[in-house]
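Trainee: My questions all concern the structure below.
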Amino acid sequence: MEPVTLTTDRLLLRPVGPQETDAVYAICQDADIQRWTTIPSPYLPEHARGFTEQMAPEGWANGSMFTFGVFLPTGELTGMLSITMRSLGTGEIGFWGAKEHRGRGYVTEAAVAASRWAFTRMSIDRVEWRAEVGNVASRAVAERAGFTVEGVLRSSINNKGVLRDCWVGSLLPSDLGLPSTAPYLPGKG
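For the sequence shown, the working numbering assigns the number 2 to the initial residue and increments by one for each residue that follows.
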């Protein structure tokens with residue numbers, strides 16, 4: 002798929018490339034990003050190069066993962082967000098925010114914009130969010146973006162060789178006032 006660029010009131014979401022390698026490397030030195038995400042730790046320059054020069058562009062090319070850098074109008078990278086295809090009609094969102102830009106709602110704004118794009122342009126009917134139990138910052142972003150936390154999946158995330166429990170949540174097109182590609186019949190419980 003051809004990469005796309007999205008805009009919000011405050012942000013530009015666009016694919017990343019080699020020009021972002023140094024910024025990705027610097028931001029990913031943050032202990033919280035290394036602790037709560039599945040990026041390698043220690044995070045080395047070759048990891049950033051592999052991400053910006055191979056992983057992110059190849060995900061767009063083969064339609065498996067759609068990665069957006071989250072930029073301010075000044076061009077400064079404030080975060081990263083990907084939607085990875087998990088099954089037919091389902092994508093999983095993942096994100097991190099640069100430490101100096103946290104608390105301003107940028108990642109939440111980006112998550113809503115990317116999910117809206119996935120629903121309207123990619124025929125996705127469910128965006129899932131997962132985070133290790135205890136990652137309250139990620140959960141707060143997901144909840145502010147409109148995700149419904151559905152529960153805990155035991156032993157569901159492998160983070161640096163350790164299986165960990167994770168929270169799981171979802172965002173549906175109807176949560177953003179959008180139609181689904183297929184009818185949805187909720188269970189009666």
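Idealized CB from N, CA, C, for every residue including glycine. Computed from a predicted structure; not experimentally measured.
#1: On the DSSP letters alone, give me the boundaries of the beta strand (DSSP E) that Gly170 sits inside.
#2: Flag this pair as yes or no: are the beta carbons of Trp118 and Gly170 separated by less than 8 Å?
#3: To the nearest whole angstrom, what separates the beta carbons of Ile94 and Ala112, a pair I think is in contact under 8 Å?
#4: Please classify Ser156: does DSSP put it in a helix, a strand, or coil?
#5: Start and end of the beta strand (DSSP E) containing Thr68?
#6: Spell out a yes or no on whether the stretch 123 to 138 and the stretch 156 to 168 are touching, meaning 3 or more CB-CB pairs, one atom from each, closer than 8 Å.
#7: Locate the beta strand (DSSP E) running through Glu21, then write down its first and last residues.
#8: Please name the residue in Ala141, Gly18, Gly135, Val108 whose C-alpha comes closest to that of Met56.
#9: Three or more C-beta pairs closer than 8 Å, one from the stretch 64 to 83 and one from the stretch 94 to 106: is that the case here?
#10: Let me know the beta strand (DSSP E) ranges lying completely inside the stretch 46 to 131, each 3 residues or longer, listed in chain order.
#11: What's the C-alpha gap between Thr91 and Pro46?
#12: Determine which residues share a DSSP beta bridge with Thr149 and list them.
#13: Can you name the start and end residues of the beta strand (DSSP E) that Arg15 belongs to?
#14: Okay, do the stretch 24 to 39 and the stretch 3 to 10 touch, 3+ Cβ pairs below 8 Å being the bar?
#15: Going by DSSP in three states, Leu177 sits in which element: helix, strand or coil?
#16: Helix, strand or coil for Glu3? Go by DSSP, reduced to three states.
#17: Tell me the rounded alpha-carbon separation between Glu191 and Met2.
#18: Answer with buried or exposed for Thr149, where buried requires no fewer than 16 other C-beta atoms within 10 angstroms of its C-beta.
Mentor: Taking the coordinates as given:
#1: 163 to 172
#2: no
#3: 6 Å
#4: strand
#5: 66 to 72
#6: yes
#7: Note, Glu21: premise wrong, no beta strand (DSSP E); not H, not E.
#8: Gly18
#9: yes
#10: 66 to 72, 78 to 88, 91 to 98
#11: 32 Å
#12: Ser171
#13: 13 to 15
#14: no
#15: helix
#16: coil
#17: Beyond the ends of the chain as shown, which are 2 and 190, falls residue 191; an answer cannot be given.
#18: exposed
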